[in-house]
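Asks:
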Amino acid sequence: MSAITLAEREKIILSELKDFQRATTERCFDLFSSGQKRVLVADEVGLGKTLIARGVIAKLANYHKQTGDELFKVLYICSNTSIANQNIRKLKIYDDVTVDGVSDTRLSMQHLKIFEQENDSKIREGYIQLIPLTPATSFNITNSSGLAQERALIFAILRRLDMFSTLKDELEVIFADGINGFYTWAKDWIEQRVIDCDNASNGIYLKTICHDVLSHFDAKLTEELLGLCEAVRNNSYDATVGRRTIRRLRVLFSQISIGRLNPDLVIMDEFQRFRELITASPDSEIGLLTNAFLKSKNTNTLLLSATPYKLYQTLEEAAESGVDEHYQEFLELMRFLFSDENKNMQFEETWSSFSNSLREVTSDFGTLISIKNKAEQAMYSGICRTERLLVGEGGSISDDSKTKAPLDISETDVQSFVVAENLSDTVHIPVEYVKS
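In my numbering, the protein residues as written are 635 to 1070.
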């Protein structure tokens, strides 16, 4: 698609948005352009966060095209394949956008797809590529030993390494063990894809991947795999050990794939359902996999969630857990949004000052308002939020707030309210938010 056509498509996409959606889209683009790498859109449910994401894709894709990028990659991370199927096609801004199959999201296999697509002229002409991933199948790798096609691809690569060149039959037994479909379809299908991809890339694919695999192999893994091949020859193969080794190999190939994904934009939809992606330790399995793109200085990340953290916690819940859970989740989110250490420190100081001011309300409301505005501005540098009441007059939001059963208010109710109000004014203590 030409730059002119893409620019025209951006105008069409933005014209289809409601005014507040368009304003949020422009704000996200401005934040990304100014160097803020992570932006949260926290609009209330039903206000079109997916449409805003579509607008952001249109603007960023046009911008990247003008800077000379050959392919604009969007990584769409969603909690499950059902939601991904609903939303991934809504993100297409024109028919030629490439959308990877939601069922084909195995991270350990992405390196093959990446090379296939980089050598596909039709995909390059389409310019925008949408790649869906689901945490359960893409990042929690050690929970299983993989699908038939995953194993077949790992086998197809390993058997081409010099150290395993004479162990093809033994490797085949290991990767076919306990899995349906390896021999009936997966092995031959994957082998042909590998051959076709290598031919299309003039031999670069296998040369590159074999080099990457060798650079990730450690002595322990090599010894483990050679030991399993020896056990197969001696009829003493232990399937439990074999599955453990295959899980390690899946992680290895996933790391190789992530190193080659290089997304321009990551969209994390309803990310509160998989918070572990932003809170994972750098040394954990998930951390090792996600840090490659979530911590990249060259990747913009757009988070979508109406409830990005627990908004309220009762005293009973706090007593049971022993921690201020909703506040902890809030700070975790802000630390992720403001990945720079100095920005984080500044925000936490600003928020701490605001919190202390709320607890120590005095008659100097001017100072309190100033601190509140400063806290709002700090959040605004990484968060966009539109609430339903703010757009209710636009005619597109239905209001079902008509009284169905009126409440009877007694004289005692009014007297109680007045007493509580006077007490609050006397001791300068604000009413708890949940009671206000």
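Just so you know, even glycine gets a beta-carbon here, dropped at the ideal spot from N, CA and C.
Quick one: residues in its chain with C-beta nearer than 6 angstroms to the C-beta of arginine 877, no 5 flanking neighbours on either side, listed in chain order?
Replies: Here the question's residue 877 lines up with position 243 in the sequence shown. Around arginine 877: Ser779.
Asks: Roughly how many angstroms separate the alpha carbons of proline 942 and arginine 909, rounded to a whole number?
Replies: Numbered from its first residue, the sequence shown carries residue 942 at position 308. Numbered from its first residue, the sequence shown carries residue 909 at position 275. Their backbone Cα atoms lie some 9 angstroms apart in a straight line.
Asks: Grab the span of the beta strand (DSSP E) containing aspartate 796 for me, first residue to last.
Replies: Indexing the sequence shown from 1 puts residue 796 at position 162. First-last for aspartate 796: undefined, no H or E at that position.
Asks: Could you name each continuous alpha helix (DSSP H) segment of 4 residues or more that falls completely within the segment 972-1024, going from the start of the chain to the end?
Replies: List check, alpha helix (DSSP H) in window: 975-993, 999-1014.
Asks: With phenylalanine 706 as the anchor, note down where its beta strand (DSSP E) starts and where it stops.
Replies: Working through the sequence shown from its first residue, we reach residue 706 at position 72. Counting along the chain, the beta strand (DSSP E) containing phenylalanine 706 begins and ends at 706-711.
Asks: Quick check: the segment 865-882 against the segment 818-833, are there 3 or more CB pairs under 8 angstroms?
Replies: No, the segment 865-882 is not in contact with the segment 818-833.
Asks: Judging by CA-CA distance, which residue of Tyr761, Gly815, Ser1044 is the nearest neighbour of glutamine 700?
Replies: Counting from one through the sequence shown, the residue named residue 700 turns up at place 66. Ranking Tyr761, Gly815, Ser1044 by Cα distance to glutamine 700 puts Tyr761 first.
Asks: Where leucine 860 and aspartate 811 are concerned, what is the direct C-alpha to C-alpha distance, given to the nearest angstrom?
Replies: Along the sequence shown, read from residue 1 onward, the residue named residue 860 stands at position 226. Along the sequence shown, read from residue 1 onward, the residue named residue 811 stands at position 177. Those two C-alpha atoms are separated by around 16 angstroms.
Asks: Please check the pair leucine 651 and glycine 689, which I expect to be a contact at CB under 8 angstroms, by giving their CB distance rounded to whole angstroms.
Replies: Working through the sequence shown from its first residue, we reach residue 651 at position 17. Working through the sequence shown from its first residue, we reach residue 689 at position 55. So it is a contact: roughly 6 angstroms between Cβ atoms.
Asks: My output table needs one value for threonine 732: the three-state DSSP class, helix, strand or coil.
Replies: On the sequence shown, position 98 is the one that residue 732 refers to. Three-state result, threonine 732: strand.
Asks: Contact between the segment 928-936 and the segment 637-647: three or more CB pairs below 8 angstroms?
Replies: No: fewer than three Cβ pairs fall under 8 angstroms.
Asks: Opposite proline 766 in the DSSP bridges: which residues?
Replies: For the purposes of this step, residue 766 is taken as the residue at position 132 of the sequence shown. In the DSSP output, where bridge partners are listed per residue, proline 766 has Tyr710.
Asks: Tell me the DSSP secondary structure of asparagine 753 in three-state form.
Replies: Locating residue 753 in the sequence shown gives position 119, where the first residue counts as 1. Residue state, collapsed to three classes: coil.
Asks: So what's leucine 936 in DSSP terms, helix, strand or just coil?
Replies: The residue labelled residue 936 in the question sits at position 302 within the sequence shown. The answer is strand: DSSP assigns leucine 936 an E or B state.
Asks: Using CA atoms only, rank isn't needed, just tell me which of Ile722, Glu963, Ile838, Asn978 is closest to glutamate 750.
Replies: Within the sequence shown, residue 750 is the residue found at index 116, counting from 1. Ranking Ile722, Glu963, Ile838, Asn978 by Cα distance to glutamate 750 puts Ile838 first.
Asks: Between the C-alpha atoms of phenylalanine 663 and tyrosine 1014, what's the straight-line distance to the nearest angstrom?
Replies: The sequence position of residue 663 within the sequence shown is 29, counting from 1. The sequence position of residue 1014 within the sequence shown is 380, counting from 1. Those two C-alpha atoms are separated by around 14 angstroms.
Asks: On the DSSP bridge assignment, give the partners of arginine 672 in chain order.
Replies: Taking the sequence shown and counting its residues from 1, one reaches residue 672 at position 38. Answer is Thr935.
Asks: Tell me, please, whether the segment 825-844 touches the segment 803-817 by the rule of three or more beta-carbon pairs shorter than 8 angstroms.
Replies: In short, these stretches do not touch, since the Cβ pair count stays below three.
Asks: Applying the criterion that 16 or more other CB atoms from any shown protein chain within 10 Å of the CB defines a buried residue, is glycine 680 buried or exposed?
Replies: Here residue 680 refers to the residue found at position 46 of the sequence shown. Glycine 680 should be labelled exposed.
Asks: Using 10 angstroms around the beta-carbon of phenylalanine 706, count the other beta-carbons present and answer buried if the total reaches 16, otherwise exposed.
Replies: In the sequence shown, the residue the question calls residue 706 occupies position 72. Answer is buried; the Cβ neighbour count reaches 16.
Asks: Report the residue from Leu886, Arg656, Ile711 whose alpha carbon sits nearest the alpha carbon of lysine 693.
Replies: Locating residue 693 in the sequence shown gives position 59, counting from the first residue. Of the listed residues, the one whose Cα sits closest to lysine 693 is Arg656.
Asks: Does the Cβ of glutamate 704 have 16 or more other Cβ atoms within 10 Å, making it buried, or fewer, making it exposed?
Replies: For the purposes of this step, residue 704 is taken as residue 70 along the sequence shown, with counting starting at 1. Exposed: under 16 other Cβ atoms inside 10 Å.
Asks: Does the segment 827-834 come into contact with the segment 880-900, if we say contact requires no fewer than three beta-carbon pairs (one atom in each stretch) closer than 8 angstroms?
Replies: No, the segment 827-834 does not touch the segment 880-900.
Asks: Locate the alpha helix (DSSP H) running through valine 690, then write down its first and last residues.
Replies: Against the sequence shown, residue 690 aligns to sequence position 56. First-last of the alpha helix (DSSP H) with valine 690: 683-700.
Asks: Report the residue from Phe964, Phe927, Leu862, Leu895 whose alpha carbon sits nearest the alpha carbon of glutamine 906.
Replies: Counting from one through the sequence shown, the residue named residue 906 turns up at place 272. The shortest Cα separation from glutamine 906 among Phe964, Phe927, Leu862, Leu895 belongs to Phe964.
Asks: Go ahead and pull the three-state DSSP assignment for leucine 781.
Replies: As a first step, residue 781 is located in the sequence shown; it is residue number 147 there, counting from the start. Note: leucine 781 maps to coil in three-state DSSP.
Asks: Within a Cβ cutoff of 8 angstroms, which residues of the same chain sit near cysteine 863, ignoring the five residues on either side of it in sequence?
Replies: Residue 863 sits at position 229 when you count from the first residue of the sequence shown. Cβ within range, chain order: Phe798, Leu801, Glu804, Leu805, Ile808.
Asks: Can you tell me which of Asn896, Ile813, Ser973, Lys854 puts its alpha carbon nearest to the alpha carbon of alanine 782?
Replies: Walking along the sequence shown from the start, residue 782 turns up at place 148. Nearest C-alpha to alanine 782: Ile813.
Asks: Using CA atoms only, rank isn't needed, just tell me which of Val731, Ser1058, Leu767, Pro766 is closest to arginine 758.
Replies: To locate residue 758, count along the sequence shown from 1; it is residue 124. Nearest of Val731, Ser1058, Leu767, Pro766 to arginine 758, Cα basis: Val731.
Asks: Within this structure, are the beta carbons of isoleucine 1119 and leucine 895 separated by less than 8 angstroms?
Replies: Given that the chain is displayed from residue 635 to residue 1070, the structure contains no residue 1119 and the question cannot be resolved.
Asks: What does a CB cutoff of less than 6 angstroms around isoleucine 1005 pick up in its chain, not counting 5 residues either side in sequence?
Replies: Along the sequence shown, one-based indexing puts residue 1005 at 371. Hits under 6 angstroms: Ser987, Phe988, Ser991.
Asks: Between serine 716 and tyrosine 710, what straight-line distance do the alpha-carbon atoms span, to the nearest angstrom?
Replies: Looking up residue 716 in the sequence shown gives position 82. Looking up residue 710 in the sequence shown gives position 76. Near 13 angstroms, if we compare the C-alpha coordinates of tyrosine 710 and serine 716.
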